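Asker: To start, I am sharing the structure in question, which I have written as structure tokens.
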Amino acid sequence: MKQYKDTFEVIFFARGGQGAKTASELVAHAAVNEGKFVKAFPFFGPERSGAPTKIFLRVSNSKLRTQEPVIDPDAVVVMDETVLGSQDVSKNLDQHEVLIINSIRESEEIRKDVPHFKGKIFAIDANGIAIRVTGSPNPNMVLVGQLLKITEIVSLEGAARVFRGVFLEKIGKDLTEKNIQAMEAGYDSF
126 MKQYKDTFEV
136 IFFARGGQGA
146 KTASELVAHA
156 AVNEGKFVKA
166 FPFFGPERSG
176 APTKIFLRVS
186 NSKLRTQEPV
196 IDPDAVVVMD
206 ETVLGSQDVS
216 KNLDQHEVLI
226 INSIRESEEI
236 RKDVPHFKGK
246 IFAIDANGIA
256 IRVTGSPNPN
266 MVLVGQLLKI
276 TEIVSLEGAA
286 RVFRGVFLEK
296 IGKDLTEKNI
306 QAMEAGYDSF
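Add 125 to a position in the sequence shown, counting from 1, and you land on the number used in the working numbering.
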């Protein structure tokens, strides 16, 4: 992990159906395969497609005992920028943390929506990349790739291996490889 601390914490903000839970579980499984300890769990409001969701992820080099939601994240991933109006996505982020957001806007324009946040903002058109690579506007794998590049929380190869293992039989070889290519595109976009 790039951060020089024992535990790295992430909050994914999304809307139901965007794949935030899948993204966090993918990173969690890759971390376990790399010998790390993890906790990944969702917080859902009304369980319906399109409702705002938060997914909490902790990755550590030592055993994790807490079951609490992540309060002071090292990174926040925003899969749908419309949640900026309904959720305080930069709460408890300081200048050492990062905000990764799916947006066609530039980082400095997004900063106007989170004026108290002084850390780094990484904006990426994850929907556009996903459409180009997979044919679907689902941003989760593109954003996972960018998260992995920025934080080094787990290796890209490890995440790709987990994705193949979980999804190859479920969605077939073609779509599996396209999703891995979307992850690689997110990784390479930084």
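Glycine is no exception: its CB is placed at the ideal position from the N, C-alpha and C atoms.
Remember, predicted model here, so these are calculated numbers, not experimental data.
Give me the Cα-Cα distance between Ala148 and Lys245, rounded to the nearest whole angstrom.
Answerer: 21 Å
Asker: Give a yes or no on contact between the region 175-194 and the region 243-261, applying the rule of three or more CB pairs nearer than 8 Å.
Answerer: no
Asker: Classify Glu134 as helix, strand or coil using the three-state DSSP reduction.
Answerer: strand
Asker: Quick one: measure Cβ to Cβ for Val214 and Phe138, integer angstroms, because I've assumed they're closer than 8 Å.
Answerer: 5 Å
Asker: With distances taken from CA atoms, which of Phe292, Pro262, Gly175, Arg236 is nearest Gln220?
Answerer: Arg236
Asker: Hey, quick one: how far does the beta strand (DSSP E) through Val184 stretch, first residue to last?
Answerer: From DSSP, the beta strand (DSSP E) with Val184 extends over 177-185.
Asker: Grab me the residues of Ser211's own chain with a C-beta within less than 8 Å of its C-beta, minus the 5 sequence neighbours each way, in chain order.
Answerer: Pro177
Asker: Rounded to the nearest angstrom, what separates Arg230 and Ala248 at their Cα positions?
Answerer: 7 Å
Asker: Tell whether a beta-carbon distance below 8 Å holds between Leu218 and Val203.
Answerer: no
Asker: Locate the beta strand (DSSP E) running through Val203, then write down its first and last residues.
Answerer: Where Val203 is concerned, the enclosing beta strand (DSSP E) stretches over 200-203.
Asker: With a threshold of 6 Å on Cβ separation, who are the neighbours of Phe162 within its own chain once the five nearest residues in sequence on each side are excluded?
Answerer: Ser185, Lys188, Leu189
Asker: Determine the closest residue to Val135 out of Leu272, Arg286, Leu293, with distance taken between C-alpha atoms.
Answerer: For Val135, the closest of Leu272, Arg286, Leu293 by C-alpha to C-alpha distance is Leu272.
Asker: Return helix, strand or coil for Glu302, following the three-state DSSP convention.
Answerer: helix
Asker: Strictly by DSSP, which residues pair up with Asn217?
Answerer: Paired residue(s): none; Asn217 is not in a bridge.
Asker: Rounded C-beta distance between Gly253 and Ala310? I'm assuming under 8 Å.
Answerer: Actually they do not touch by this definition, with Cβ atoms about 10 Å apart.
Asker: Output yes or no for whether 8 Å exceeds the beta carbon distance between Val287 and Ala155.
Answerer: yes
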